[in-house]
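Q:
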Amino acid sequence: MTLRAGLLLMLAAVIVTPALAAECIPVRVGYMDQNRPPYWLGEGDKVPDPPGAAVDLIRDAVLGAGFGCTPIWVRLPAARLKVALANGDIDLAPVGELSFYPAEIALPRDKAGNIDLKRALHNQVLVLVRSKDHLPAGTNPMQYFKGKTLGIPMGNSYAPRLREAGLTLDEGARDLDRNIEKLRLGRVDGVVVAAVAPAHLKQTLDKYKGSIEQLPQPLLNIRLWLAFNDSFYHAHPRQSEALWTWLDKNRGRLGYVMQRYTKD
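Position one of the sequence shown corresponds to residue 1 (my numbering), numbered consecutively onward.
Structure follows, in structure tokens:
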């Protein structure tokens, strides 16, 4: 009986060990500490439940890439994310289009060594206006708002591009709701907001009962990457590349996770 029990114990160990040995590579994911529904929800360093559609997407990407465990979320002011990523205080963070990328930040590259545009996430920058202003549906926002003031939440990576295009920005408000309040009071002429799809703003606009509307034509098309700290990337190249490939192959995934944030 003792020999049989020993054999059974050894067999059990052989069966259980692979599961116990499943690799878990902790990934500290940084994202903004501002409320930008439906993508990033909540304020401050606490992660709410649900956390936002973009947070859900990043979690799915990390798990799908084989890191083996749920990300560790680190909420930071938007202006600190790039610095924290370059310093190694976080391992992964969304990074927008910049004129210069520090060497300490790893982005997906194509075969020629250039930043891979195909493995980027694509967003539109849209403009919200007062319905009572009766702007035509065909308004070109890039032309119309020159000489006027656009409210934009502080810390956006695409703000320099808008300024270079000749637009005047007011970055004094922390989030979209505060900017819309400025718009309602006439302190700005429009409000800038990023959205993967215009329809994603419907729930936000519904709160204002028709007083605020979205111009159909985008102000700007932008790209966003999930970037790694370079040292973390070189320590885990297989999983890092797998994450970028996962995002490329699951472009429609955000639309699926958005269902969690859509109210009937």
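Ideal placement from N, C-alpha and C gives every residue a C-beta, glycine not left out.
Use the C-beta contact count for TYR256: other C-beta atoms within 10 angstroms, 16 or more gives buried, fewer gives exposed.
A: Counting from 1 along the sequence shown, the entry for residue 256 is found at position 256. Around the beta carbon of TYR256, a 10 Å sphere encloses fewer than 16 other beta carbons of the protein chains shown; the residue is thus reported as exposed.
Q: Under three-state DSSP, which class holds LEU215?
A: Position 215 of the sequence shown holds residue 215. Under the three-state reduction of DSSP output, LEU215 falls in the coil class, being neither helix nor strand.
Q: Based on DSSP bridge pairs, tell me the residues matched to GLN259.
A: The count along the sequence shown starts at 1 and reaches residue 259 at position 259. Per DSSP, none; premise fails for GLN259.
Q: Give the DSSP-derived three-state secondary structure of GLY96 in the structure shown.
A: Reading the sequence shown from its first residue, position 96 is the one you call residue 96. Here GLY96 sits in strand by DSSP.
Q: If you check the beta carbons only, do GLN34 and ARG260 fall under 8 Å apart?
A: The count along the sequence shown starts at 1 and reaches residue 34 at position 34. The count along the sequence shown starts at 1 and reaches residue 260 at position 260. Cβ atoms of GLN34 and ARG260: not closer than 8 Å.
Q: What's the call for PRO108, buried or exposed, on a 16-neighbour Cβ count within 10 Å?
A: Indexing the sequence shown from 1 puts residue 108 at position 108. By the neighbour-count rule (16 or more Cβ atoms within 10 Å), PRO108 is buried.
Q: Which residue comes first and which comes last in the beta strand (DSSP E) that contains THR204?
A: On the sequence shown, position 204 is the one that residue 204 refers to. Counting along the chain, THR204 falls outside any beta strand (DSSP E), though it belongs to the alpha helix (DSSP H) covering 202–206.
Q: Got a sec: is the Cβ-Cβ distance from TRP246 to anything in chain D below 8 Å?
A: The structure shown contains no chain D, having only a single protein chain.
Q: Contact defined as beta carbons within less than 8 Å: I believe VAL193 pairs with LEU126. What is the distance between those atoms, to the nearest angstrom?
A: Numbered from its first residue, the sequence shown carries residue 193 at position 193. Numbered from its first residue, the sequence shown carries residue 126 at position 126. VAL193 to LEU126, Cβ: 6 Å. Contact.
Q: Exposed or buried, THR204, counting other C-beta atoms within 10 Å across all chains shown (16 or more means buried)?
A: Within the sequence shown, numbered from 1, the residue matching residue 204 stands at position 204. Classification of THR204: buried, given that the 10 Å Cβ count is 16 or more.
Q: Return the Cβ separation of LEU176 and LEU220 in integer angstroms, given the expectation that the two are a contact with Cβ distance under 8 Å.
A: What you label residue 176 is simply residue 176 of the sequence shown in a count that begins at 1. What you label residue 220 is simply residue 220 of the sequence shown in a count that begins at 1. Rounded, the Cβ-Cβ distance is 16 Å, inconsistent with contact.
Q: Is there contact between the segment 29–49 and the segment 69–89, where contact requires at least three CB pairs shorter than 8 Å?
A: yes
Q: May I ask you to report which of helix, strand or coil DSSP gives ALA87?
A: Numbered from 1 along the sequence shown, position 87 holds the residue referred to as residue 87. In the sequence as presented, Ala is not what sits at residue 87; that position holds Asn. In the three-state scheme derived from DSSP, where H, G and I count as helix and E and B as strand, ASN87 is classed as helix.
Q: Using only the alpha-carbon positions, how far apart do GLY155 and ALA79 sit?
A: Counting from 1 along the sequence shown, the entry for residue 155 is found at position 155. Counting from 1 along the sequence shown, the entry for residue 79 is found at position 79. GLY155 and ALA79: Cα-Cα distance of roughly 5 Å.
Q: Which value, in whole angstroms, describes the spacing of the CA atoms of ILE180 and LYS202?
A: Numbered from 1 along the sequence shown, position 180 holds the residue referred to as residue 180. Numbered from 1 along the sequence shown, position 202 holds the residue referred to as residue 202. Distance between the alpha carbons of ILE180 and LYS202: 14 Å.
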